[in-house]
Amino acid sequence: MKFNWIICLFLLVAISCSEDSPVVEPQAVYDVAPEFESYVQEFIAEGAKRGETIDFSDSGLSIKFSEAPLNTANGRCFLGRHQIEIDKEDWFSFSALFRSYLLFHELGHCELDRLHKNDQFSDGSWKSILKGDPFAGEDLRKPVPYFGFRKDYYIDELFNSSISDPEWADVSFNYTEEFLKEEVRIVEPTTSRLNERFQNVTDDYELELTFDLMDERGTWTTMEWGATGVNYYIQMIPDWGYYIGVRDSGMNNILHYRRDLDSANGRLIDKITIRQSEGFEQVFVNEEFIFHLDQQSQLDYVSISALIGDQIVPNFNINKLTVSTLK
Ligand SMILES: [Zn+2]
Numbered sequence: 087m088k089f090n091w092i093i094c095l096f097l098l099v100a101i102s103c104s105e106d107s108p109v110v111e112p113q114a115v116y117d118v119a120p121e122f123e124s125y126v127q128e129f130i131a132e133g134a135k136r137g138e139t140i141d142f143s144d145s146g147l148s149i150k151f152s153e154a155p156l157n158t159a160n161g162r163c164f165l166g167r168h169q170i171e172i173d174k175e176d177w178f179s180f181s182a183l184f185r186s187y188l189l190f191h192e193l194g195h196c197e198l199d200r201l202h203k204n205d206q207f208s209d210g211s212w213k214s215i216l217k218g219d220p221f222a223g224e225d226l227r228k229p230v231p232y233f234g235f236r237k238d239y240y241i242d243e244l245f246n247s248s249i250s251d252p253e254w255a256d257v258s259f260n261y262t263e264e265f266l267k268e269e270v271r272i273v274e275p276t277t278s279r280l281n282e283r284f285q286n287v288t289d290d291y292e293l294e295l296t297f298d299l300m301d302e303r304g305t306w307t308t309m310e311w312g313a314t315g316v317n318y319y320i321q322m323i324p325d326w327g328y329y330i331g332v333r334d335s336g337m338n339n340i341l342h343y344r345r346d347l348d349s350a351n352g353r354l355i356d357k358i359t360i361r362q363s364e365g366f367e368q369v370f371v372n373e374e375f376i377f378h379l380d381q382q383s384q385l386d387y388v389s390i391s392a393l394i395g396d397q398i399v400p401n402f403n404i405n406k407l408t409v410s411t412l413k
């Protein structure tokens with residue numbers, strides 16, 4: 087029996103994919119645990135939209151929780167066997183979005199016979215949800231932005247690896263663009279944390295937050311903004327970098343990673359600007375365009391705090407929050 091292992095890592099967790107090529111008679115048994123069934127049906131439906139008939143009646147399909155923890159992995163696929171195992175503890179810690187990504191990745195191996203693809207666009211985004219081991223350096227930390235307007239592209243690419251590059255992979259917005267602004271609120275807090283609530287901010291808006299990221303700035307410094315229930319966040323981690331993500335129903339989904347926490351535009355990060363314009367949430371750090379996301383339905387709140395464990399860092403210094411609507 088021959089074993090070829092492909093270990094694939096993403097986010098802070100890993101997917102391990104086992105490629106195994108035994109000579110076995112295919113068994114057309116469909117045995118998918120109920121936790122995974124809706125995602126398999128979603129995969130079948132997404133294939134059908136793209137002219138692919140996915141039918142496991144010939145090959146069978148087995149998806150179950152692994153008997154033992156997978157340790158460095160959250161799932162694995164035995165190529166050629168239509169057999170997938172998922173780490174149970176990891177599964178229940180994932181959002182619905184990430185569960186779909188995990189199973190689509192594994193079904194990409196097991197049903198579509200695809201291997202890992204680690205190409206990146208010029209903006210550094212992965213070209214495929216089949217990104218996987220081997221990685222080097224900070225690529226380990228870089229997530230696939232499998233969300234919002236990017237998600238359709240990733241599913242297209244899964245079923246058609248020769249698809250052309252999407253428009254979003256080569257977009258930039260200009261911080262210095264002029265807008266007519268109407269001030270909603272200016273806050274110059276004297277506290278080390280901020281949680282500002284808003285009402286009826288449904289127009290395009292800009293929020294700009296300035297702060298001092300000192301050395302003792304805690305384990306996590308997290309800024310959140312957007313609508314209650316589904317909001318975006320930037321999480322800054324000393325000696326690591328920062329993540330941009332979406333929090334949905336209390337679950338974090340990391341969408342973007344940057345290493346350069348301690349320098350942006352030639353200085354320590356001290357300013358984050360979120361501008362909702364042209365249908366997007368545009369994220370600028372120290373006036374540099376970093377990333378864009380689907381626009382929020384409304385702005386209900388902005389918060390920022392630095393934590394060590396679950397303790398607020400008392401001397402984190404927030405200077406000013408300015409929120410305006412854009413005309
Ligand atoms: Zn894989």
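87 is the number of the first residue of the sequence shown in our numbering; add one for each residue after it. We put the CB at the ideal spot given by N, CA and C, even for glycine.
Inset, instruction - Kindly give me the distance between the Cβ atoms of Phe180 and Leu189, rounded to whole angstroms, as I take these residues to be in contact under 8 Å. - result: In the sequence shown, the residue the question calls residue 180 occupies position 94. In the sequence shown, the residue the question calls residue 189 occupies position 103. The Cβ separation is near 10 Å, so there is no contact.
Legend entry - Residue range of the alpha helix (DSSP H) that includes Leu244: Numbered from 1 along the sequence shown, position 158 holds the residue referred to as residue 244. Where Leu244 is concerned, the enclosing alpha helix (DSSP H) stretches over Gly234 to Phe245.
Legend entry - Distance cut-off 8 Å: His378 Cβ against heavy atoms of ligand 1: Counting from one through the sequence shown, the residue named residue 378 turns up at place 292. Answer for His378: no, Cβ out of range of ligand 1.
Inset, instruction - Using the Cα positions of Ala255 and Asp117, report the straight-line distance between them to the nearest angstrom. - result: Your numbering for residue 255 matches position 169 in the sequence shown. Your numbering for residue 117 matches position 31 in the sequence shown. Between Ala255 and Asp117, the C-alpha separation is close to 38 Å.
Inset, instruction - Could you tell me which of Phe377, Leu407 and Gly133 sits nearest to Phe259, measuring between CA atoms? - result: Here residue 259 refers to the residue found at position 173 of the sequence shown. Taking only the C-alpha atoms, the option nearest Phe259 is Phe377.
Legend entry - Buried or exposed (CB count within 10 angstroms, at least 16 for buried), Gly315: The residue given as residue 315 occupies position 229 in the sequence shown. Exposed is the call here.
Legend entry - Helix, strand or coil at Gly218 [DSSP, three-state]: Counted from its first residue, the sequence shown places residue 218 at position 132. DSSP places Gly218 in coil when its eight states are reduced to three.
Legend entry - Heavy atom of ligand 1 within 8 Å of Gly166 beta-carbon: Within the sequence shown, residue 166 is the residue found at index 80, counting from 1. Not so, every heavy atom of ligand 1 lies at least 8 Å from the Cβ.
Legend entry - Cβ-based neighbour list, Met337, same chain, cut-off 6 Å, excluding 5 preceding and 5 following: Within the sequence shown, numbered from 1, the residue matching residue 337 stands at position 251. Ser181.
Inset, instruction - Determine the burial state of Leu193: buried for a count of at least 16 other Cβ atoms within 10 Å of its Cβ, exposed for fewer. - result: What you label residue 193 is simply residue 107 of the sequence shown in a count that begins at 1. The residue in question, Leu193, is buried, as its Cβ has 16 or more Cβ neighbours within 10 Å.
Legend entry - Beta-carbon gap between Ala313 and Gln362 smaller than 9 Å: Position 227 of the sequence shown, counted from the start, is the residue given in the question as residue 313. Position 276 of the sequence shown, counted from the start, is the residue given in the question as residue 362. No. Outside cutoff.
Legend entry - Member of Tyr387, Cys196 and Leu354 whose CA lies at the smallest distance from the CA of Glu373: By 1-based counting over the sequence shown, the position of residue 373 is 287. Here the closest residue by C-alpha is Leu354.
Inset, instruction - Mind checking who Asn281 pairs with in its DSSP beta bridge? - result: Indexing the sequence shown from 1 puts residue 281 at position 195. DSSP lists Ser389 as partners of Asn281.
Legend entry - Spatial neighbours of Asp144 in its chain, beta-carbon cut-off 7 Å, leaving aside the 5 residues before and after: Working through the sequence shown from its first residue, we reach residue 144 at position 58. Around Asp144: Ala114.
Inset, instruction - Per DSSP, which residues does Trp212 bridge with? Please list them. - result: Position 126 of the sequence shown, counted from the start, is the residue given in the question as residue 212. Residue pairing from DSSP places Trp212 in a beta bridge opposite Gln206.
Inset, instruction - Verify whether the separation of the beta carbon atoms of Trp326 and Asn317 is less than 9 Å. - result: By 1-based counting over the sequence shown, the position of residue 326 is 240. By 1-based counting over the sequence shown, the position of residue 317 is 231. Contact: no.
Legend entry - Anticipated Cβ contact below 8 Å, His191 with Ile215, distance rounded: Working through the sequence shown from its first residue, we reach residue 191 at position 105. Working through the sequence shown from its first residue, we reach residue 215 at position 129. Indeed they touch by this definition, with Cβ atoms about 5 Å apart.
Legend entry - Close beta carbons around Tyr343, own chain, < 7 Å, minus the five adjacent residues each side: Against the sequence shown, residue 343 aligns to sequence position 257. Cβ neighbours of Tyr343 beyond the five flanking positions: Arg227, Lys228, Pro229, Gly327 and Tyr329.
Inset, instruction - Jot down the residue ranges of each uninterrupted beta strand (DSSP E) in the stretch 153-177, minimum 3 residues, whole runs only, in chain order. - result: 161-165 and 169-172
Inset, instruction - Determine the closest residue to Val273 out of Leu407, Trp306 and Ile340, with distance taken between C-alpha atoms. - result: Counting from 1 along the sequence shown, the entry for residue 273 is found at position 187. Out of Leu407, Trp306 and Ile340, Leu407 has the C-alpha closest to the C-alpha of Val273.
Legend entry - Pro352 - DSSP class collapsed to helix/strand/coil: Locating residue 352 in the sequence shown gives position 266, where the first residue counts as 1. As written in the sequence, residue 352 is Gly, which differs from the Pro given in the question. The three-state reading of DSSP puts Gly352 in coil, since its state is none of H, G, I, E or B.
Legend entry - Any non-hydrogen atom of ligand 1 within 8 Å of His342 CB: Working through the sequence shown from its first residue, we reach residue 342 at position 256. No, since every heavy atom of ligand 1 falls outside the 8 Å radius drawn around the Cβ of His342.
Legend entry - C-alpha gap between Thr308 and Leu280, whole angstroms: As a position in the sequence shown, residue 308 is number 222, starting the count at 1. As a position in the sequence shown, residue 280 is number 194, starting the count at 1. Thr308 and Leu280: Cα-Cα distance of roughly 11 Å.
Legend entry - Beta carbon of Asp414 nearer than 9 Å to that of Phe184: No information on residue 414 is available, as it lies outside the stretch 87 to 413 that the chain covers here.
Inset, instruction - For Thr288, I'd like the list of residues in its chain whose CB is within less than 6 Å of its CB, leaving aside the five on either flank, ordered along the chain. - result: For the purposes of this step, residue 288 is taken as residue 202 along the sequence shown, with counting starting at 1. Cβ within range, chain order: Gln384.
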